[in-house]
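Residue numbers (our numbering): 118 to 563.
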């Protein structure tokens, strides 16, 4: 009997050892419990897309039920790929691309939602080709160190702004771009309470402090009338209305389709560049040259995810900056992503349970993560004005334009311009010069 028990213990350890070896959990200085908490935290900060994305897509006529299932499944598939390649990243349909899909392509230009889904699928195939041919990888390699650090800091400010806005602390102003929200509003009060609660838990080194901060803030929200109990439980949504809803070749082979696909590609590529550098830096995954090892595999995740999004019925998939919340919780391996992916699948059965978590409960985590990421600014060389100005513009424009891609565009343009004007031609690689020219063309003509 004792021999049998010893055998069971050995097999258990062997099983754990396989998990550890595959995800390199110990090697990256983490443990299973930390990775699980990190995955939960990432999911909690991403779960809002399950309500926002389908709700916005439904304005085009896409059935909410199908869009919900497509959003959850495409997120689960893309995030599971990140887990397979051992990245602690969560992926899902991008809010920016979702807005372009709805308000520009369909409502603005008058195309059908089937047309927009076709453009999403084509964009995914193009992203896959650019990834397999390593074109996207080259973009990571040529971006200068100070710009990379600026991306991390800029994304930190961007994440913090998202948290401040979703929590009602910052709102659109009258006569000003933004202003302080109504601090008497229960949403804003709950957000501040959440910041204090989560910050206190982090100071005391409580395991899973960000996750518990979300849960604790949501519970407090019940007593403030912000957190609402679900009124019904939703079964698996019907995908039949949105799967493989494409237009014919007569609409595909047109200049307008090419323009829509190009816009999707441009934003997707440079959003991903900035996000992966930012998240990779925060997770200590960058190498000695500040590049992300296996970046091509990371890009495969959003490429395949976007193809699936087009097939299933939602907008382009990208790596979410909210993944930084799980990374800040200690997530360093694919087990974090696997946890997040499984939760997206479970959400198909228990969607109201996850959607009921109010924005004011997740906003505090985003604000604190912004603080943790903006510390990358200390590594930037501001003494050299040709490095400092591009870095500063990259940092400040990401939150102010609400776009990671726009911050990168202006940062690279200013970098090339200043280096050329000051005679530092050697600092400008051929790829950087080509990018600058392409950015100018886009700004002027597209």
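Every residue gets a Cβ at the ideal spot worked out from N, C-alpha and C, and that includes glycine.
Small disclaimer: the values here were computed from a predicted structure and weren't measured.
1) Would you mind listing the beta strand (DSSP E) stretches within the segment 423–462 that are 3+ residues and don't spill past its ends, in chain order?
2) May I ask which residues mark the beginning and end of the alpha helix (DSSP H) holding residue 183?
3) Comparing alpha-carbon positions, which option in 347, 493, 359 and 433 lies nearest residue 378?
4) I believe residue 104 touches residue 419 by the beta-carbon criterion, under 8 Å. Please report the beta-carbon distance rounded to the nearest angstrom.
5) Is the Cβ-Cβ distance between residue 455 and residue 200 less than 8 Å?
6) For residue 172 and residue 359, which I take to be in contact (beta-carbon distance under 8 Å), what is that distance rounded to the nearest angstrom?
7) Just checking, does the segment 469–488 make contact with the segment 231–247 on the three C-beta pairs under 8 Å criterion?
8) Are residue 510 and residue 497 touching if we call contact CB-CB under 8 Å?
9) Pull up the distance between the alpha-carbon of residue 237 and that of residue 321, whole angstroms please.
10) Considering only DSSP beta bridges, list what residue 482 is partnered with.
11) Thinking C-alpha only, which one of 483, 514, 531 and 537 is nearest residue 312?
12) How long is the line joining the alpha carbons of residue 445 and residue 291, rounded to whole angstroms?
13) Taking the alpha-carbon positions, what's the residue 240 to residue 521 distance?
14) Look at the alpha carbon of residue 440 and the alpha carbon of residue 233, and state the distance between them as a whole number of angstroms.
15) Got a sec, what are the start and stop residues for the beta strand (DSSP E) residue 296 sits in?
16) Do residue 436 and residue 206 have their C-beta atoms closer together than 8 Å?
17) Alpha carbon to alpha carbon, how far is residue 225 from residue 423?
18) Looking at C-beta atoms only, is the number of pairs between the segment 324–331 and the segment 154–162 that lie closer than 8 Å three or more?
19) Just list the residues that DSSP pairs residue 209 with in beta bridges.
20) Quick one, are the C-beta atoms of residue 431 and residue 174 less than 8 Å apart?
21) Name the one or two DSSP bridge partners that residue 287 has.
22) What do you reckon, are the CB atoms on residue 298 and residue 285 nearer than 8 Å?
23) Answer yes or no: do residue 461 and residue 193 have a C-beta to C-beta separation smaller than 8 Å?
24) Identify whether residue 152 lies in helix, strand or coil by the three-state DSSP scheme.
25) Give the secondary structure of residue 499 by DSSP, where H, G and I count as helix, E and B as strand, and everything else as coil.
Quick look at the numbers:
1) 434–436
2) 181–201
3) 433
4) Coverage of the chain is limited to positions 118 through 563, which leaves residue 104 absent and any answer about it impossible.
5) yes
6) Actually they are not in contact, since the Cβ atoms of residue 172 and residue 359 sit about 15 Å apart, beyond 8 Å.
7) no
8) no
9) 45 Å
10) For residue 482, which the question treats as bridged, DSSP gives no partner whatsoever.
11) 483
12) 35 Å
13) 19 Å
14) 27 Å
15) 295–297
16) yes
17) 22 Å
18) yes
19) 435
20) yes
21) 297
22) yes
23) yes
24) helix
25) coil
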